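Just below is one structure, and these are the notes that go with it.
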Amino acid sequence: ALSAAPAGRRALGAVNGLWGDRVLGSYGPLALPMTLFSEGGAVTATPEGVLASCPETTGSLAVFVHGLCESEESWALGAERRHGEPGVTYGSRLQRDLGITPLFLRYNSGRCVTDNARELAELLERVVAAWPVPVEELVLVGHSMGGLVIRGACHTGSESGHAWPLAVRHVFCLGSPHLGARLERGVEAAVDTLELLPEARAVARLLDSRSAGIKDLRYGACLHDDAPLLEEVPFLPQASYYVVAATLARDPEHPSTAWLGDLFVHLASAQGRGEDRHVPFPAENGAHFGGLHHFDLLNHPAVYDQLRSWIERGRVATSG
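The opening residue of the sequence shown carries number 2 in our numbering; numbering runs sequentially from there.
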């Protein structure tokens with residue numbers, strides 16, 4: 002199987018991100034099923050299955066949700082260069098420093114965000130119910146599209162009466178396009194223009210074949226009814242939501258920042274602050290890192306220090 006090798010998993014992640022909805026319909030064996038992984042392998046949603054893959058379970062659990070065209074292994078990007086050894090992730094460091102058990106999601110990022118959010122909510126309901134000890138602290142970390150999937154899953158799970166949302170304490174969105182991705186809107190505009198020219202319609206059809214997941218990034222919708230200028234998907238009342246944004250320029254006021262952002266997501270979208278839309282992240286729950294690009298947010302010492310600081314701050318507030 003392609004998924005048996007790291008290169009194969011990366012290739013499948015990219016293919017699923019680009020054409021995941023089509024792959025699911027016509028090339029089923031290449032479609033990635035939504036699965037949670039630990040260091041011990043895939044997690045089965047039974048008490049025995051959890052213990053088989055996570056023998057050292059705790060009541061604090063962190064779930065990491067990758068972005069478009071990525072895989073669960075993306076969280077180890079640059080580990081050897083930054084940490085001196087491969088495989089070091091935010092999850093492994095949180096486990097070592099704060100006793101939090103990490104799980105990493107693999108999913109078909111080319112499906113529409115709504116479907117992935119709904120499936121994640123159902124998967125977390127089963128896994129948390131099967132967890133050998135009560136889950137008292139659930140930390141959710143999403144990179145790029147992963148942040149939208151998490152926000153949608155929290156709302157869907159709460160509306161469905163699931164138990165797991167009550168355990169959520171922290172939701173981290175790293176470089177997530179809460180107000181949409183300008184690159185996707187540019188592609189959509191190019192498709193509309195090219196379709197007007199008979200000689201360019203083949204190119205238009207090729208561009209238009211991109212996945213539903215990519216098209217969902219146009220406005221940063223967490224759910225199908227989360228459209229621009231409508232009320233944003235509400236936050237879980239007992240959870241703290243955070244945004245981490247990066248820009249290529251070190252100075253957030255640099256003229257290039259408004260358009261280039263972190264190369265894929267502009268700063269206002271990552272922070273959820275626009276002229277017509279405002280996602281209500283508290284000002285004290287936001288961090289900006291200059292001189293970094295979009296994928297640096299997956300595994301960077303400074304970002305980890307910020308995540309850890311926020312989690313520790315939340316624990317102190319809860320215990321106080």
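Idealized CB from N, CA, C, for every residue including glycine. As the structure is a prediction and not an experimental result, all values here were calculated from the model.
Let me check understanding here. Comparing Cα to Cα, which of the options lies closest to residue i?
| i | options | result |
| --- | --- | --- |
| Gly295 | Tyr242, Pro178, Ile215 | Position check: residue 295 holds His in this sequence, whereas Gly was assumed. The candidate whose alpha carbon is nearest that of His295 is Pro178. |
| Gly214 | Phe173, Ser110, Gly148 | Ser110 |
| Arg152 | Leu224, Asp252, Ser257 | Leu224 |
| Tyr243 | Ala154, Gly273, Thr102, Glu126 | Gly273 |
| Gly275 | Asp306, Asn286, Gly181 | Gly181 |
| Lys216 | Val114, Gly287, Pro235 | Val114 |
| Ser93 | Val64, Ala2, Ala222, Phe282 | Val64 |
| Pro7 | Phe38, Leu125, Glu74 | Glu74 |
| Arg211 | His156, Ala288, Trp20, Leu3 | Trp20 |
| Leu308 | Ala269, Ala46, Ala288 | Ala288 |
| Phe38 | Val128, Gly26, Val24, Ser27 | Val128 |
| Gly221 | Gly147, Ile312, Leu124, Gln96 | Gly147 |
| Asp116 | Leu25, Ser310, Ala284 | Leu25 |
| Glu160 | Pro235, Leu124, Gln96 | Pro235 |
| Phe290 | Phe282, Pro253, Ala284 | Pro253 |
Residue i by DSSP, collapsed to three states: which one?
| i | result |
| --- | --- |
| Ala250 | coil |
| Cys155 | helix |
| Pro133 | coil |
| Ser61 | strand |
| Leu69 | coil |
| Glu313 | helix |
| His84 | helix |
| Leu230 | Low confidence applies here, because Leu230 scores a pLDDT of 44, under 50, leaving its location unreliable and the question unanswered by this model. |
| Thr102 | strand |
| Ala303 | helix |
| Gly29 | helix |
| Tyr91 | helix |
| Glu7 | For the sequence presented, residue 7 should be read as Pro rather than Glu. Of the three classes helix, strand and coil, the one that applies to Pro7 here is helix, per DSSP. |
| Gly50 | helix |
| Ala269 | helix |
| Leu264 | coil |
| Arg112 | coil |
| Leu218 | coil |
| Ser212 | coil |
| Ala318 | helix |
| Leu19 | helix |
| Leu124 | helix |
| Leu78 | coil |
Quick check: what's the CA-CA separation for residue i versus residue j?
| i | j | result |
| --- | --- | --- |
| Thr36 | Asp297 | 24 Å |
| Glu57 | Val44 | 13 Å |
| Ala303 | Ala118 | 29 Å |
| Glu137 | Glu40 | 21 Å |
| Pro34 | Gly14 | 11 Å |
| Ala246 | Gly162 | 32 Å |
| Ala32 | Tyr108 | 9 Å |
| Arg314 | His255 | 31 Å |
| His279 | Phe265 | 20 Å |
| Pro30 | Leu141 | 29 Å |
| Val16 | Val317 | 43 Å |
| Gly79 | His67 | 15 Å |
| Arg251 | Pro238 | 34 Å |
| Asn300 | Gly100 | 19 Å |
| Ala271 | Ala130 | 33 Å |
| Asp22 | Ser320 | 45 Å |
| His84 | Tyr305 | 12 Å |
| Leu149 | Cys155 | 10 Å |
| Ser4 | Asp277 | 42 Å |
| Leu293 | Ala12 | 25 Å |
| Leu218 | Glu233 | 15 Å |
| Glu86 | Gly42 | 20 Å |
| Ser54 | Ala259 | 44 Å |
| Gly88 | Val169 | 26 Å |
| Ala164 | Leu52 | 21 Å |
| Asp263 | Glu285 | 21 Å |
What are the partner residues of residue i, as DSSP defines its beta bridges?
| i | result |
| --- | --- |
| Pro166 | The partner list for Pro166 (beta bridge, DSSP) is empty, contrary to what the question assumes. |
| Tyr243 | Phe173 |
| Thr36 | Arg107 |
| Phe296 | The partner list for Phe296 (beta bridge, DSSP) is empty, contrary to what the question assumes. |
| Arg274 | His279 |
| Val142 | Phe65, Phe173 |
| Ala43 | Phe38 |
| His289 | Ala246 |
State the CB to CB distance for the pair residue i and residue j, rounded to an integer number of angstroms; the pair is presumed to be in contact (CB under 8 Å).
| i | j | result |
| --- | --- | --- |
| Cys70 | Gly18 | 3 Å |
| Ala240 | Val172 | 6 Å |
| Leu175 | His144 | 5 Å |
| Thr90 | Trp76 | 4 Å |
| Pro48 | Pro103 | In fact, because the Cβ distance is near 19 Å, the residues do not count as touching under 8 Å. |
| Leu62 | Leu139 | 5 Å |
| Glu120 | Gly158 | About 11 Å separates the two Cβ atoms, so there is no contact after all. |
| Pro268 | Ser257 | One detail in the question is off: residue 268 reads as Leu in this sequence, not Pro. Actually they are not in contact, since the Cβ atoms of Leu268 and Ser257 sit about 10 Å apart, beyond 8 Å. |
Measuring only between beta-carbons, confirm whether residue i sits less than 8 Å from chain B.
| i | result |
| --- | --- |
| Glu313 | Given the protein chain composition of this structure (a single chain), no chain B is represented. |
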